[in-house]
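*Asks:* Take the sequence shown: its letters are residues 35 to 352, numbered as in the numbering used here. Take this structure, written in structure tokens, and hold onto it; I'll ask about it next.
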Amino acid sequence: MKNPHAQKKLDHESAPTSKGPRSFLGGMAQIIPILSRVLILVLATVGSVFAQANPDWTEPFPPFRIAGNLYYVGTKGLANYLVTTPQGNILINSDLEANVPMIEASIEKLGFKFKDTKILLISHAHWDHDAGSAMIKEMTGAMYMVMDADVSVVESGGKTDFQYGNSPTFLYRPTKVDRVLHDGDEVKLGGTVLVAHLTPGHTKGCTTWTMQVTDGGKIDNVVILGSPNLNPGYKLVDNSAYPQIAEDYERMWRVLKSLPCDIFLGAHGNYFGLEEKYPLRKEEGGNPFVDPSGYKKYIAQKEQEFRTELARQKLAAK
Ligand SMILES: [Zn+2]
35 MKNPHAQKKL DHESAPTSKG PRSFLGGMAQ IIPILSRVLI LVLATVGSVF
85 AQANPDWTEP FPPFRIAGNL YYVGTKGLAN YLVTTPQGNI LINSDLEANV
135 PMIEASIEKL GFKFKDTKIL LISHAHWDHD AGSAMIKEMT GAMYMVMDAD
185 VSVVESGGKT DFQYGNSPTF LYRPTKVDRV LHDGDEVKLG GTVLVAHLTP
235 GHTKGCTTWT MQVTDGGKID NVVILGSPNL NPGYKLVDNS AYPQIAEDYE
285 RMWRVLKSLP CDIFLGAHGN YFGLEEKYPL RKEEGGNPFV DPSGYKKYIA
335 QKEQEFRTEL ARQKLAAK
């Protein structure tokens with residue numbers, strides 16, 4: 035595993051120290067390594083702030099086959115999916131940089147090669163799902179495909195995000211997008227097709243992925259939910275950074291309710307009860323992740339939360 039921070043640190047330690055009277059330039063030469071060491075410390079602190087606030091994001095979870103050629107390779111809190119094909123694999127979500135070695139280990143544990151990752155997709159342009167994308171592209175050479183309205187956020191390392199763009203804690207390495215996706219676009223590889231559904235609101239380009247898997251002759255519709263959440267501080271009324279936010283959420287509810295769903299999954303394990311369902315898997319018959327009623331119930335509950343909050347904000351704005 036490459037660790038650029040460790041490399042930088044070594045460089046500083048081997049740098050000669052100047053002696054004698056300090057010229058301005060000599061002084062600067064000493065200050066620059068100190069400044070960059072401070073920057074490294076700040077970056078490391080940002081990583082641990084995430085980990086402290088959400089310890090389950092970096093807590094390992096056993097990788098397993100969900101159904102057909104679809105596998106779970108995420109942690110307890112951050113969901114990653116591997117879709118395997120004869121022409122290489124598709125990975126959904128890159129998470130924090132700290133998660134990348136864990137994703138790699140999960141893929142290899144299942145008997146696949148991390149280097150066979152040909153396409154990288156995300157649920158939406160927030161650090162907990164996309165901060166590791168630059169690293170994964172470097173390690174695998176995967177093509178990075180992102181929904182149009184999330185592209186500028188990804189390519190600016192989070193700076194153009196309507197809510198978090200000015201919060202240094204939530205910024206990450208800007209990453210070049212190789213293919214811009216539009217609502218309804220298909221991502222095809224080795225006979226498998228994933229469909230990108232624009233389900234905006236949580237981010238402007240929030241994406242819900244669907245595909246079909248075949249297991250024992252049975253075809254199941256898979257839905258990988260982008261995010262139905264209203265984060266703390268989200269303004270639904272008079273939001274100058276995202277004027278159409280409430281309409282976008284409305285669009286999302288319509289889309290989510292129209293999708294046929296057998297296997298219910300999402301960007302975080304707690305959307306669909308990863309921990310509760312995982313131990314219920316059996317060798318034969320009954321896949322706990324086949325949960326069409328759980329999907330409907332979850333969407334209805336989230337929509338209700340949205341309506342309550344929208345009404346509250348409208349009243350407060352009067
Ligand atoms: Zn998010």
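Yeah, the Cβ is synthetic: ideal placement off N, Cα and C, and Gly gets one too. Only a predicted model underlies this, so the values are computations on that prediction, with no experimental measurement involved.
1. Give the DSSP bridge partners of Y105, in chain order.
2. Using DSSP bridges, identify the partner residues of Q353.
3. Helix, strand or coil: how does DSSP classify L232 here?
4. Report the option in L299, P96, V289, F196 whose CA atom is closest to the CA atom of P326.
5. Below 9 Å between beta carbons: does that hold for V247 and A101?
6. Could you tell me the boundaries of the alpha helix (DSSP H) in which N133 lies?
7. Within the present structure, is the beta-carbon of A301 separated from the nearest heavy atom of ligand 1 by less than 8 Å?
8. Measuring straight from C-alpha to C-alpha, what distance separates L155 and K348?
9. In this structure, how does DSSP classify V257 when only helix, strand and coil are distinguished?
10. Since I believe I153 is in contact with V11 (beta carbons under 8 Å), could you give me their beta-carbon distance rounded to a whole number of angstroms?
11. Taking the alpha-carbon of D254 as reference, which of S261, P262, G199, M245 has the nearest alpha-carbon?
12. Just jot down, in chain order, the residues whose CB lies closer than 6 Å to any heavy atom of ligand 2.
13. Please state whether DSSP places P313 in a helix, a strand or coil.
*Replies:* According to the structure shown:
1. Here Y105 is bridged, per DSSP, to R99, L116.
2. Because residue 353 is not part of the residues shown, which for the chain are 35 to 352, the question remains open.
3. L232 sits in a strand when the DSSP states are folded into three classes.
4. Ranking L299, P96, V289, F196 by Cα distance to P326 puts L299 first.
5. Judged by beta-carbon spacing, A101 lies within the 9 Å limit of V247, meaning their Cβ atoms are closer than that value.
6. Here N133 belongs to no alpha helix (DSSP H), and DSSP marks it neither H nor E.
7. Checking the Cβ of A301 against ligand 1 gives yes.
8. Rounded to whole angstroms, the gap between the alpha carbons of L155 and K348 is 35 Å.
9. In the structure shown, V257 sits in a strand (DSSP, three-state: E or B).
10. Outside the displayed span of the chain (35 to 352) sits residue 11, for which this structure offers no information.
11. For the set S261, P262, G199, M245, the Cα lying nearest the Cα of D254 is the one of M245.
12. Ligand 2 is not among the ligands present in this structure, which contains only ligand 1.
13. P313 sits in a helix when the DSSP states are folded into three classes.
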